[in-house]
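Novice: Following UniProt numbering from start to finish, the sequence shown increments by one per residue and tops out at 559.
Cβ atoms here follow ideal geometry from the backbone N, Cα and C, with glycine treated the same way.
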Amino acid sequence: MWHRTDWQRLKPWLGVWEQQRGPLFAGIMLMLVTAWAGIALLGLSAWFISAAGLFVVAFDIFLPGAGIRALALIRTVARYFERVRNHDLVLNWQNRWRVRLFKGLMTLSVTSTERFRAARLLQRLTQDLSALDDLYLRILGPLLVASISAVVLGAAFWLLHPALAAVIWICSLVLLLLLTTVFAQRLRRLSARELGDSEYLRQQAVEFVQCKAELHAWGVLTPAVREVAQARLQLGQTQHQLRRRLSWLQLALEGFGHGLLIVMLGLAMWLSFQEAFSTPLALFAAFAVLASIDVWQPLAQAMLLWGRVQGASERLQGYLRRALELPSVHPSTDENRPQHAPSIQVSEVVIENRPLTAKSLSMTVAQQQLILLKGHSGCGKTSLLHAIAGLLPLQQGKIEFRHQGQPIARPEFTLLTQYTHIYSATVASNLRMARTGVTDEMLWQALEIVELADDIEGLPEQLDTWLGDGGVQLSGGQARRLALARCLLHPAPLMLLDEPFSGVGVAQSERIWRSIQPLLKGKTVICVTHQALPEVGPEGSDITVDPIVQQDFELCYDR
């Protein structure tokens, strides 16, 4: 537990502690007050009972009685505020940790996030992050309280006799070293295995649910069920071993505490017989040691959780590191995201894992320019469009975005893929995915432009009609026009359209193409198409057709 690498691994997560030193100090002090009040309460009670039996002639019962009630009240109030303060603190840290991790993941390109398996990523963002809660509440907090309480208790016993303080300090130091070295190391491996088994079970279960239909179709559903059951059995066995070791450690701690109690009671009584102090004070010391056992008891679970926290932080740190190393798509904050139409420079680009389009591609798109990208099937039009969007990795070359000659990050963009995505939701919800807060009037205008308004008006609930599973099934052309309307609602300065009129008639395609031109004004637009479209620009002027044949692409420029 004292390895330097262990704490270096926790450094990204401990950084938020420095930003909240005040609340952290308050939380630790409340934990200490709760522990000290409990120790003092039991010690004072033992002194009061024994003194009342010994000093039968004259004895003030009111002052110690008031002290007992005050300590009980202090312990209760301190425990309440300690729970509120520390849990609020941990939730605040969790908020910061999650935002930091999510921001790191949001800067990754789609090709980078595809390297993460969904079940594994789910484990990192949920269970691993939640495991970090234990770092303060159940590991470092109890460890600090036990250590400081041992020092304070020894200092109090020093006032009675140095021998009592020496026993407390030596025994506490030995116990602390044993817990943080021997027991922590042994439990660490087992708790790390338990976390790995839990991750494997979740991964198997998630993939089983996702692929259940395919597994059933191929007749391998039963073996898949057995694999999930075996993973659950393995996790159960590991957890059983962990609980057994934890029980033995808790039993050892209790035995150590009661052994220390016997030693302290014998030593204190012997010193009282030597008239070093009174018998009630000897019982006070013994029962204070008895109360301190409750302070050391949580350290058994702390040693178990240490390995789990270390494993979680190591895996999460790997995600943070890769988030910084892998290429980014856009800045993590909307404030820094470019909002102006960019120019695009494609330089000697070869797209990875695209053997049919292995030739290098180069092209330049000026700001607010509209390009019709034509070519035969398989020549790489879609691949180039996806590479510009950051959906495909580059084997060589680069794609740069600029605004007024200055390099910028990839701007916000709208991409209409060849496959039409219509979600199981209402018509309005499908459209508002592109832009929240739009009015119904704006939705109808977009539908009117793509010549879909009449079809939607004919539906039973119009914009509130449910589409997809359990709802109305649109034709291929209707779905395509709905997806195009969704793209037109998005305010992104870069628009990438891949066969926007697939499944739409020629005459209707030409009408819609002319209608959407005003909405493309001020945007950089690249449209991939295999069919002829009217050579009309957003201003109503004809496209200047200057066909440039380059790697089987015909680039037709406008503006």
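Based on DSSP bridge pairs, tell me the residues matched to residue 561.
Specialist: Absent from the structure is residue 561, since the part of the chain shown begins at 1 and ends at 559.
Novice: Return the chain-ordered list of same chain residues with a C-beta closer than 6 Å to the C-beta of Phe501, the five sequence neighbours on each side being excluded.
Specialist: The answer, listed in chain order, is Ser509.
Novice: Locate the alpha helix (DSSP H) running through Thr279, then write down its first and last residues.
Specialist: 279 to 296 is the span of the alpha helix (DSSP H), which, as asked, contains Thr279.
Novice: Report yes if the C-beta of Ala302 is less than 7 Å from at least one heavy atom of the ligand ATP; otherwise report no.
Specialist: This structure lacks the ligand ATP; in fact it carries no ligand of any kind.
Novice: Run the CB neighbour count on Leu73, radius 10 Å, all protein chains shown included, and call it buried at 16 or more, exposed below.
Specialist: Exposed.
Novice: Beta carbon of Ala35, beta carbon of Ile139: below 8 Å?
Specialist: No, these two residues do not count as a Cβ contact at 8 Å.
Novice: Give me the Cβ distance between Gln250 and Ala184, rounded to the nearest whole Å; I'm assuming they're in contact under 8 Å.
Specialist: Incorrect: roughly 15 Å between the Cβ atoms, too far for contact.
Novice: Taking a contact to mean a Cβ-Cβ separation below 8 Å, would you say Val288 touches Leu63 in this structure?
Specialist: According to the sequence shown, residue 288 is Ala rather than Val. Not closer than 8 Å, so no.
Novice: On the three-state DSSP scale, how would you describe Asp133?
Specialist: Of the three classes helix, strand and coil, the one that applies to Asp133 here is coil, per DSSP.
Novice: Quick check on Glu461: does DSSP put it in helix, strand or coil?
Specialist: DSSP places Glu461 in coil when its eight states are reduced to three.
Novice: Beta-carbon within less than 7 Å of Gly477's beta-carbon, same chain only, minus the 5 sequence neighbours each way: which residues are those?
Specialist: Same-chain partners within the cutoff: Gly503, Val504.
Novice: Name the two residues that bound the continuous alpha helix (DSSP H) containing Ala226.
Specialist: Inspection of the sequence shows that residue 226 is occupied by Arg rather than by Ala. Here the alpha helix (DSSP H) through Arg226 covers 221 to 273.
Novice: Quick one: measure Cβ to Cβ for residue 582 and Ala483, integer angstroms, because I've assumed they're closer than 8 Å.
Specialist: Lying before the first or after the last residue shown, residue 582 is absent from the chain, which here runs from 1 to 559.
Novice: Just how far apart, CA to CA, sit Asp440 and Ala428?
Specialist: Their Cα atoms are separated by approximately 8 Å.
Novice: Is residue 568 helix, strand or coil when you go by DSSP?
Specialist: This structure leaves residue 568 out entirely; the chain is present only between 1 and 559.
Novice: Taking buried to mean at least 16 other C-beta atoms within 10 Å of its own C-beta, is Val365 buried or exposed?
Specialist: Answer is buried; the Cβ neighbour count reaches 16.
Novice: Tell me whether Val504 sits in a helix, a strand or coil according to DSSP, three-state version.
Specialist: If DSSP states are grouped into helix, strand and coil, Val504 belongs with coil.
Novice: According to DSSP, is Asp498 helix, strand or coil?
Specialist: DSSP places Asp498 in strand when its eight states are reduced to three.
Novice: Who are the near neighbours of Arg96 in its chain, counting only those whose CB is closer than 7 Å to its CB and skipping five residues on each side?
Specialist: Closer than 7 Å at Cβ, skipping near neighbours: Val16.
Novice: Going by DSSP, name the residue or residues bridged to Phe413.
Specialist: DSSP output for Phe413 lists Leu494 as bridge partner(s).
Novice: Who are the near neighbours of Leu54 in its chain, counting only those whose CB is closer than 7 Å to its CB and skipping five residues on each side?
Specialist: Within the same chain, Leu54 has close Cβ partners Thr279, Pro280.
Novice: Just curious, the alpha helix (DSSP H) that Met31 is in, first and last residue?
Specialist: Element bounds for Met31: 21 to 54.
Novice: Are there 16 or more other CB atoms within 10 angstroms of the CB of Glu194, so buried, or fewer, so exposed?
Specialist: Buried, because 16 or more other Cβ atoms sit within 10 Å of the Cβ of Glu194.
Novice: Determine whether the beta carbon atoms of Ile68 and Ser50 lie at a separation below 8 Å.
Specialist: No; because the gap between Cβ atoms is not below 8 Å, this pair is not in contact.
Novice: Using a Cβ-Cβ cut-off of 8 Å (strictly less than) and excluding sequence neighbours within five positions of Glu18, which residues of its own chain qualify?
Specialist: Nothing listed; no residue qualifies.
Novice: Give me the DSSP bridge partner(s) of Gln345.
Specialist: Bridge partners of Gln345: Thr364, Glu400.
Novice: Relative to the C-alpha of Leu494, which candidate in Phe413, Arg481, Ala425 has its C-alpha closest?
Specialist: The option with the nearest alpha carbon to Leu494 is Phe413.
Novice: Between Ala485 and the rest of its own chain, which residues show a CB-CB distance below 6 Å, the 5 nearest in sequence each way excluded?
Specialist: These residues qualify, in order along the chain: Ala446, Leu447, Val450.
Novice: Would you mind working out which of Asp88, Gln127, Leu497 sits nearest Ser313, comparing C-alpha positions?
Specialist: When each option's Cα is compared against that of Ser313, the closest is Gln127.
Novice: Using the C-alpha atoms, what's the distance from Gly38 back to Ala291?
Specialist: Ala291 and Gly38: Cα-Cα distance of roughly 7 Å.
Novice: Would Gly522 and Gln368 be called neighbours here (beta carbons separated by less than 8 Å)?
Specialist: Yes. Within cutoff.
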